[in-house]
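Asks:
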Amino acid sequence: MDEKTVEGRYLVSELNHPDAPDRPILMVVTFEKDLGVYRKWVMIRDGPVTEYVGSVVPGTRSISWGSLVDIDGMRSVGNEHHADDVVRWREVIIKDGKVVNIQRGRAKRVR
């Protein structure tokens, strides 16, 4: 995973999924200080953009996220935990009030 800060406000990350190395994932995260929330946009090449809002879990290095729009009738909620060199996440995909998928992953920082 490569990361850089843009305009001192946006953390831009690019990562590759091992099953689809030709379709990099681009993620942009910022903190909305006036609202006290994070915003995240996740884009996969040739795919939709998903927007999330997140808040810190007090006393942890974790952020809980929820998607703001339906994509193909689905929404997601999830949690990501930040360690010094790796981020781990779990995301639950929901459609029509039912869990249709649970994704778990990790991204290791490339130095």
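The opening residue of the sequence shown carries number 508 in the working numbering; numbering runs sequentially from there.
Here a beta-carbon is modelled for each residue, glycine too, at the ideal position from N, C-alpha and C.
Taking Cβ positions, are Arg-568 and Val-593 nearer each other than 9 Å?
Replies: Start at 1 with the first residue of the sequence shown, and residue 568 comes out as number 61. Start at 1 with the first residue of the sequence shown, and residue 593 comes out as number 86. Their beta carbons are not under 9 Å apart, which means Arg-568 does not touch Val-593 by this criterion.
Asks: Do the CB positions of Ser-562 and Ser-574 come within less than 9 Å of each other?
Replies: Translated into positions along the sequence shown, residue 562 becomes position 55. Translated into positions along the sequence shown, residue 574 becomes position 67. It is not a contact, given that the beta carbons lie outside the stated cut-off.
Asks: Can you give me the C-alpha to C-alpha distance between His-524 and Val-607, rounded to a whole angstrom?
Replies: Residue mapping note: residue 524 aligns to position 17 of the sequence shown, counting from 1. Residue mapping note: residue 607 aligns to position 100 of the sequence shown, counting from 1. Cα to Cα, His-524 sits roughly 20 Å from Val-607.
Asks: If I measure Cβ to Cβ from Arg-516 and keep anything under 6 Å in the same chain, skipping five residues before and after, which residues do I get?
Replies: Indexing the sequence shown from 1 puts residue 516 at position 9. Cβ within range, chain order: Thr-537.
Asks: Residues bridged to Val-549 by DSSP?
Replies: For the purposes of this step, residue 549 is taken as residue 42 along the sequence shown, with counting starting at 1. Answer is Met-534, Thr-557, bridged to Val-549.
Asks: Where does the unbroken beta strand (DSSP E) through Lys-511 begin, and where does it stop?
Replies: Start at 1 with the first residue of the sequence shown, and residue 511 comes out as number 4. Taken as a continuous stretch (DSSP letters only), the beta strand (DSSP E) holding Lys-511 covers 509-513.
Asks: May I ask you to list the residues that DSSP assigns as paired with Arg-595?
Replies: As a working note, residue 595 is residue 88 in the sequence shown. DSSP output for Arg-595 lists His-588, Arg-613 as bridge partner(s).
Asks: Where does Arg-582 sit, in a helix, a strand or coil, going by DSSP?
Replies: As a working note, residue 582 is residue 75 in the sequence shown. Reduced to three states, the DSSP call for Arg-582 is strand.
Asks: Mapping DSSP to helix, strand and coil, what is Gly-573?
Replies: Your numbering for residue 573 matches position 66 in the sequence shown. In this structure, Gly-573 counts as strand in the three-state DSSP scheme.
Asks: With 16 other CB atoms within 10 Å as the buried threshold, where does Thr-512 fall?
Replies: Along the sequence shown, read from residue 1 onward, the residue named residue 512 stands at position 5. Answer is exposed; the Cβ neighbour count stays below 16.
Asks: Determine the burial state of Lys-547: buried for a count of at least 16 other Cβ atoms within 10 Å of its Cβ, exposed for fewer.
Replies: By one-based count along the sequence shown, residue 547 stands at place 40. With 16 or more Cβ atoms within 10 Å of its Cβ, Lys-547 is classed as buried.
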